[in-house]
Every structure is written in structure tokens, then in C-alpha cells.
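Here the structure is laid out as C-alpha cells; the discussion comes afterwards.
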Amino acid sequence: MQKENASPVKTERQILEEAHKQGKGATLLAFVRLSGPGWLQSAITLGGGSLAGALFLGALGGVNMLWLQLMAIIMGVVMLSAISYVTLSTGERPFNAINSHINPALGWGWLVATSMANMIWCMPQFSLCYGSLDGNLIPGMEEKYLPKPMALGGGEEPFMLPLAPLLVSAVILILVSGVVILNARRGITAKIFDWLLKGLVGMVVICFFGVVALLSANGDLNWGQILAGFIPDFSQWNGPSGAVKDLIAGMSPGAQDFWTAEVVTQQRARMIGAAATAVGINMTFLMPYSMLHRGWDKPFRGLARFDLSTGMAIPYIIVTSCVVIAAAHAFHGKADETFLSEDPATFQSSGTFGGTKDVLLKRLNKKEFEGKKFDDVPESDRAAIVAEMAALPAAEKEVAASMVQRNAGQLSGTLAPLFGEGEQGKRRADFIFGLGVFGMGFSTIIILMLINGFVFCEAMGKPDAVAPYVIGCIVAGVFGMLWPLLWKGDSKFFLAIVASNFGMMLLPIAYVTFFMMMNSRSLLGPEKPTGPSIAIWNVLMGVSVIGAIVAASGAIWEKIKDPSSLSGQIVLVMLVLYAVLIAIGFFLKRKAKQPDATS
-8 MQKENASPVK TERQILEEAH KQGKGATLLA FVRLSGPGWL QSAITLGGGS LAGALFLGAL
52 GGVNMLWLQL MAIIMGVVML SAISYVTLST GERPFNAINS HINPALGWGW LVATSMANMI
112 WCMPQFSLCY GSLDGNLIPG MEEKYLPKPM ALGGGEEPFM LPLAPLLVSA VILILVSGVV
172 ILNARRGITA KIFDWLLKGL VGMVVICFFG VVALLSANGD LNWGQILAGF IPDFSQWNGP
232 SGAVKDLIAG MSPGAQDFWT AEVVTQQRAR MIGAAATAVG INMTFLMPYS MLHRGWDKPF
292 RGLARFDLST GMAIPYIIVT SCVVIAAAHA FHGKADETFL SEDPATFQSS GTFGGTKDVL
352 LKRLNKKEFE GKKFDDVPES DRAAIVAEMA ALPAAEKEVA ASMVQRNAGQ LSGTLAPLFG
412 EGEQGKRRAD FIFGLGVFGM GFSTIIILML INGFVFCEAM GKPDAVAPYV IGCIVAGVFG
472 MLWPLLWKGD SKFFLAIVAS NFGMMLLPIA YVTFFMMMNS RSLLGPEKPT GPSIAIWNVL
532 MGVSVIGAIV AASGAIWEKI KDPSSLSGQI VLVMLVLYAV LIAIGFFLKR KAKQPDATS
């Protein structure tokens, strides 16, 4: 590997040295020419998770939440720049450096958390691929062509094995595994397939950009409001945003209390999910190791920061902003005419009804149905319940519609302004949206599997070994393929938000560790920043660490606040156990540094 990289790295180093001598303009051109790992980060950042996060964020929060992903990516760039600086300054593999100079519990925690994130995030990528096939590319695929769920076990409520999504996901896994093998060989076939996937992702990106451009040309966008949406508003953590906030303000006191509580719960989940997809903990692993793989070292530190800013941050901000704007225009504070109808039959025929029936039942506050879902209501009572739902004020229905966990077919409506509102325009939008989402999901699965392969190699201390690499790739892929057994929600897209919330819980492990690495004299030696430089680093990193901890704490609290939740209890136990391990790691580290009293 090093022999392969030696010649290109030598050439790149000469280009940088010559450019530095010629001035800032030449250096900038050299940076543009040599950038690479940042674009690799962009490939995983601009995946199905980012798309889903931006779509759901725009639908519920509107353009008022554009600041969230901007802040998340800036914090991510700061922390990735920090680990890049450490890696390029020392030349050490980060996992070994953390274990030797910081705390083995943090090193292994980072490695294990990265692997967990890879497996967890693989699930929504398979789910997105399946949702795009069933909802956009082959509408009704599950109902028309695939086997029905199989009942396992006896009793009144047997376990239903979801054969259709499992079968399709297995086929996707086979295809992805083939691409992973081709990627290892890096033949012309792998390059062609890579170009195809990038083309599909680029297509949907261009479409969302086109939607925003068209809406702007038609005067449908309020750019003053959009620009104001980039100003941070932390009150959105505890209160509704945008048009939804205005709708709730006009309701009766009882209705205000109910919808505020419901909206805030979902809004927090979507804020955490959208922020987590900007920079996940697995990306903090990918960046330093991709640079080491390319043979970069100390002279490349400036290039690394430029690479992250231009190759990852700028494309991410532009793309996600366009998606949020398009989603806000299509869904935020809006509902279709049939859903707003007071006629029960018309109201129930709306495509929005399925995603709102449970929250609307809860809104009716029927004691006999407390804690139940609409499908649990006896058939004899449903007509009366639907009639009461239909009679609710339009504002309440519009808020409920903004909260819907929409499926692929509904989300493709964000592209309607570009392709037309008619049936033909809808088919084109469905097809383009489906292709783009499938490409995003498929390519992200590949990258997540590759990262997991590198993680397994690092864990076993064999960076170039084939066996642990293959095992790591397969483990992530198989775990992702099993998503139908772990996710029972109607929206395949919303699984990305759920997975991202788990990912956000893990992110502080990396951020805190990188902060300590940048301040470690034993690790960096003379390369450790000092004076104003380290002060600036610490301020920027400190803000990022605090932001990650606050977001993670919110995600953890949502899990543990319900004492009956098994997942909450597991999270709490793991949190306490890991805190103990970190404390032991620091204790043993400090004890090892103490001089022997007998010497």
C-alpha cells in the first residue's frame, strides 16, 4: 500500500511546496487540484439520511430551521479538522494514539461506537432503497409482486415475518457485496458503477436545486424569511416553529397545550436526527484513515482543512438547504383539501389520514381509548371517531399533517414544481426521486460497509488483513438487511431519523476524545498548538463538544424518561457502565505516569 502511494504523495508534496512559494493564489489552485478525502466525506454525508433529515425537518419546522444543519456541519468540520491535524502531525493511527496517550476506554469506545453506528445507519439505507422501489420506481411492488408476510407461532397474535422487504433487502445486500468486492479490486467495472451511483445522487441534487430556482423565479419563496432561517433560534428546542407555531397560537388553550407537546416531541427528534446526519461518529473514523491511506502527512494539514470546507461543508449546506426549502414549501403547515373536509368519508379518503389517525385519536381525549391506536378501536366505534376527527378545526388538521411521517411516494411531491402537478408530472417526479434516493441509499451502504471493514481490521491490529475486513463489511450489511424485523413504522424514510438519534448519542465520544488529543503534549509534542492558536482551537472545539453533548443528552433523555421502556433502561445501563470504564482508564493512566517510589 505504501509503495503504491509513495510516488503520488511525493508528487503532491512537490506541488504544495511549489505553490506555497508562489503565493496564496497558487496555493488555492493546488488545494483545488489535490482535494480528495473531503469529497469522500461528502459522499457519505449527502446520503439518504441527510435527505430524509432535511425533508422531515422542512415539513415540520419550515425554513426557520435552516440554521440547524449549518451549525451541525460547521461543528463537524471543526472536529474533523482537529483529528486531521493530529493525524497528519503525528503520522500515528488514531486508534493507537488514543489508547496510548489519552484513554483506552475512549479509544475502544470510539471504535465500538463507530461500528455500532455503521450497523445502525445501514438499516435506514436498506429501508430507503426498499421505500424508493415500492413507492416510486415500482409502485405497489410489495402488494402486487412479492410474498405476503408469513405467520410464525400460534396464539391470537402470531409474529408476522415480513418476507417482502427481507427478500428485496437480501438481493440489495448481494448486489452491494459485489460492488464492495469490485471496489477492493478497483477495476474499470467498479469505476463505471461508482460513476453511475454518483450520477443518480447528482440527479436528485440537481432536481432539488432546480425546484428552489423555479419557486424563486415564480415568486413563491420569501427569501427574507429563508435568510432569517439561518440565524440560530434555540427556542425551537422547546416550542413549535414557523407556520405551525402560528397555527397553534390561534387555537384554544387546551388545543395549544396538546399540539405544542406533540410538535415539540417530534421537532426535537427531527432536530437531533438532522444534526446527526451532518457528521456522524463513523465519519470521524473515515476522515483520518482515508488521509493515511492516501499517504498524507504534515505538509498536507492546510489542504485537509480546505478539503473539508469545500469538499464537504459547502455542498452539504447547499443541498440540504434546497431540500429543506422544497419540503417546507410542499408540506409545512399545509394539508390537502380532502383532509380538511368536514365530511367523514371524504376526510378518511385523504392520503394524509393514515399518518395522522393515531395523533388525532389522542387529541379527542377519549378515556376508553386512552393509550390505544386507531386500528385498536372496535369497528363499531370507528365511524363516530372519524366523524369527530373530521369536525376538528382546520388549523389542527394542518398541524397534524405537518407531523406526518411521510412515505417515498408522498415525499416525491417536493419535486412537483419542477415536473408539474398533473398525473404525468407526478410519475416523472416519482421516478426521478426514486432513482436518486435509491442511488443515495445504495452508495451509502457501500461506504458504511467499507468503514466497518476498516474498523474490524483496526480492532484486530491488522490494518491490511483481508479476513477481518471482509467480516466487518458483511456484519454491517447483514445487520442493515434485517431492518424489517426491527422497524415496524409505516414510513420507511422515518427510520433514518430514528437511526440518527441513536447515532447522535455516540457522537460525543469522538468529539471529547479529539478535544483531548489536540491538548495532549505527550501525543503532539512540539506540534501541539500554543498561545492564540490553541485558544482559538479550544473555543471552536469547546462549542462543538458542548453542542454534541446537549444534542446527545436530548436523545438519551427521550429514551430514559419512560421508565417502562426497555431501550431506555439499556441506554442508561450502558451510559453508566461506560462512564465507569472511562474513569478506570484515566485512573490507570495516571497511576502508570507516577514514578516508582522505590526507584
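For the sequence shown, the positions run -8 to 590 when our numbering is used. Beta carbons: idealized from backbone N, C-alpha and C, even for Gly.
Legend entry - S393: CB within 7 Å of a non-hydrogen atom of the ligand GDP: Although the ligand GDP was asked about, the structure shown includes no ligands whatsoever.
Inset, instruction - Could you name each continuous alpha helix (DSSP H) segment of 4 residues or more that falls completely within the stretch 181 to 224, going from the start of the chain to the end? - result: For the stretch 181 to 224, whole alpha helix (DSSP H) runs of length 4 or above, ordered along the chain, are 214 to 219.
Inset, instruction - State the DSSP-derived secondary structure class of L143, mapped to helix, strand or coil. - result: As a working note, residue 143 is residue 152 in the sequence shown. Of the three classes helix, strand and coil, the one that applies to L143 here is strand, per DSSP.
Inset, instruction - Please classify E449: is it buried, with 16 or more other beta-carbons within 10 angstroms of its beta-carbon, or exposed? - result: As a first step, residue 449 is located in the sequence shown; it is residue number 458 there, counting from the start. With 16 or more other Cβ atoms within 10 Å, it is buried.
Legend entry - Within the stretch 94 to 147, ranges of the beta strand (DSSP E) (whole runs, at least 3 residues): The qualifying runs are 141 to 143.
Inset, instruction - Evaluate the contact criterion for the stretch 43 to 57 versus the stretch 253 to 261: three or more CB pairs, one atom per stretch, below 8 Å. - result: Three or more pairs of CB atoms, one per stretch, sit closer than 8 Å, so the stretch 43 to 57 contacts the stretch 253 to 261.
Legend entry - Close-in-space but distant-in-sequence residues of the same chain around F291 (CB under 6 Å, 5 per side omitted): By one-based count along the sequence shown, residue 291 stands at place 300. Same-chain partners within the cutoff: L79.
Legend entry - the stretch 351 to 371 contacting the stretch 404 to 415, beta-carbon criterion three pairs below 8 Å: Taking 8 Å as the limit for Cβ pairs, the verdict is that the stretch 404 to 415 does not touch the stretch 351 to 371.
Inset, instruction - Could you tell me whether the Cβ atoms of M565 and I263 are closer together than 8 Å? - result: Residue mapping note: residue 565 aligns to position 574 of the sequence shown, counting from 1. Residue mapping note: residue 263 aligns to position 272 of the sequence shown, counting from 1. For M565 and I263, no; Cβs fall outside 8 Å.
Inset, instruction - Taking only the alpha-carbon atoms, compute the straight-line gap between P499 and A543 and give it to the nearest angstrom. - result: For the purposes of this step, residue 499 is identified with residue 508 of the sequence shown, where counting begins at 1. For the purposes of this step, residue 543 is identified with residue 552 of the sequence shown, where counting begins at 1. Looking at the two C-alpha atoms, the distance is approximately 7 Å.
Inset, instruction - Alpha carbon to alpha carbon, how far is D237 from Q216? Give it in angstroms, no decimals. - result: Within the sequence shown, the letter at position 225 stands for residue 216. Within the sequence shown, the letter at position 246 stands for residue 237. Per the coordinates, the alpha-carbon of Q216 lies some 14 Å from the alpha-carbon of D237.
Inset, instruction - Report all residues from its chain with a CB closer than 6 Å to the CB of N55; omit the five preceding and five following residues, and keep chain order. - result: The residue you call residue 55 lines up with position 64 of the sequence shown. Non-local beta-carbon contacts of N55 in its own chain, meaning distances under 6 Å to residues more than five positions away in sequence, involve G220, S232, G233 in chain order.
Legend entry - Proximity of S168 and G463 at Cβ, strictly below 8 Å: For the purposes of this step, residue 168 is taken as the residue at position 177 of the sequence shown. For the purposes of this step, residue 463 is taken as the residue at position 472 of the sequence shown. Contact: no.
Legend entry - Uninterrupted beta strand (DSSP E) stretches inside the stretch 295 to 326 (no shorter than 3 residues): With a minimum length of 3 residues, no continuous beta strand (DSSP E) run stays inside the stretch 295 to 326.
Inset, instruction - Please go through the same chain and pick out, in chain order, the residues whose beta-carbon is closer than 8 Å to the beta-carbon of E592, but skip the five residues on each side of it. - result: This structure does not reach residue 592, given that the chain is present from -8 up to 590, and the question cannot be answered.
Legend entry - Exposed unless 16 or more other CB atoms sit within 10 angstroms - verdict on S243: Along the sequence shown, one-based indexing puts residue 243 at 252. Flag for S243 reads exposed.
Legend entry - C-alpha distance - M509 paired with L25, whole-angstrom precision: The residue given as residue 509 occupies position 518 in the sequence shown. The residue given as residue 25 occupies position 34 in the sequence shown. Each residue's Cα considered, the two are about 25 Å apart.
Inset, instruction - Alpha carbon to alpha carbon, how far is F424 from A570? Give it in angstroms, no decimals. - result: What you label residue 570 is simply residue 579 of the sequence shown in a count that begins at 1. What you label residue 424 is simply residue 433 of the sequence shown in a count that begins at 1. Approximately 44 Å, taken between the alpha carbons.
Legend entry - Check whether S535 and P279 have beta carbons under 8 Å apart: As a first step, residue 535 must be located in the sequence shown, where it is residue number 544. As a first step, residue 279 must be located in the sequence shown, where it is residue number 288. No Cβ-Cβ contact shorter than 8 Å links S535 with P279.
Legend entry - Beta-bridge pairing of F150 - partner residues as DSSP gives them: To locate residue 150, count along the sequence shown from 1; it is residue 159. Answer by DSSP bridge pairing, in chain order: L143.
Legend entry - Touch test, the stretch 506 to 526 against the stretch 294 to 301, Cβ-Cβ under 8 Å, three pairs minimum: No, the stretch 506 to 526 does not touch the stretch 294 to 301.
Legend entry - Proximity winner among A45, P130, F505, E518, relative to K267 (alpha-carbon distances): On the sequence shown, residue 267 is found 276 positions in, with the first residue counted as 1. For the sequence presented, residue 267 should be read as Ala rather than Lys. Nearest neighbour of A267 by Cα position, chosen from A45, P130, F505, E518, turns out to be A45.
Inset, instruction - Report the residue from A318, L426, G432 whose alpha carbon sits nearest the alpha carbon of M394. - result: Indexing the sequence shown from 1 puts residue 394 at position 403. Looking from the CA of M394, the closest CA among A318, L426, G432 belongs to A318.
Legend entry - As assigned by DSSP and simplified to three states, the class of L579: Reading the sequence shown from its first residue, position 588 is the one you call residue 579. Helix, per DSSP.
Inset, instruction - Tell me the start and end of each unbroken alpha helix (DSSP H) in the stretch -2 to 85 that is at least 4 residues and wholly inside, in chain order. - result: Runs of the alpha helix (DSSP H) inside the stretch -2 to 85: 15 to 25, 28 to 36, 39 to 52, 57 to 81.
Inset, instruction - Evaluate G241 with the Cβ neighbour count: other Cβ atoms within 10 Å of its Cβ, from every protein chain shown; 16 or more gives buried, anything less gives exposed. - result: Within the sequence shown, numbered from 1, the residue matching residue 241 stands at position 250. Exposed: under 16 other Cβ atoms inside 10 Å.
Legend entry - Range covered by the alpha helix (DSSP H) that runs through T275: For the purposes of this step, residue 275 is identified with residue 284 of the sequence shown, where counting begins at 1. Unbroken alpha helix (DSSP H) run through T275: 272 to 285.
Inset, instruction - Determine, using beta carbons only, whether L486 and S118 come nearer to each other than 8 Å. - result: Counted from its first residue, the sequence shown places residue 486 at position 495. Counted from its first residue, the sequence shown places residue 118 at position 127. When the beta-carbon positions are compared, L486 and S118 come within less than 8 Å of each other.
Legend entry - Touching by the beta-carbon criterion (3+ pairs, under 8 Å), the stretch 306 to 326 and the stretch 91 to 111: With the cut-off at 8 Å, the stretch 306 to 326 and the stretch 91 to 111 do not touch.
Legend entry - C-beta atoms of R354 and F276 nearer than 8 Å: Stepping through the sequence shown from its first residue, residue 354 is reached at position 363. Stepping through the sequence shown from its first residue, residue 276 is reached at position 285. Their beta carbons are not under 8 Å apart, which means R354 does not touch F276 by this criterion.
Legend entry - Best match in L402, A539, L164, N492 for proximity to V428 [C-alpha to C-alpha]: Your numbering for residue 428 matches position 437 in the sequence shown. Cα-wise, what sits closest to V428 is L402.
Inset, instruction - Go through the stretch 356 to 442 residue by residue and report every complete run of the alpha helix (DSSP H) that reaches 4 residues or more, in order. - result: Taken in chain order, the complete alpha helix (DSSP H) segments of 4 residues or longer contained in the stretch 356 to 442 are 370 to 381, 385 to 393, 399 to 402, 407 to 410.
Inset, instruction - Return the first residue and the last residue of the alpha helix (DSSP H) that S524 is part of. - result: Looking up residue 524 in the sequence shown gives position 533. From DSSP, the alpha helix (DSSP H) with S524 extends over 522 to 551.
Inset, instruction - Using three-state DSSP, classify M496 as helix, strand or coil. - result: Here residue 496 refers to the residue found at position 505 when the sequence shown is read from its first residue. The answer is helix: DSSP assigns M496 an H, G or I state.
Inset, instruction - Look up K453 in the DSSP assignment and say whether it is helix, strand or coil. - result: For this step, residue 453 is matched to residue 462 along the sequence shown. K453: coil per DSSP, three-state reduction.
Legend entry - 8 Å contact criterion, which M431 and L42 should meet: CB distance rounded: If you number the sequence shown from 1, residue 431 lands on position 440. If you number the sequence shown from 1, residue 42 lands on position 51. That belief holds up - the Cβ atoms of M431 and L42 are roughly 6 Å apart, short of 8 Å.
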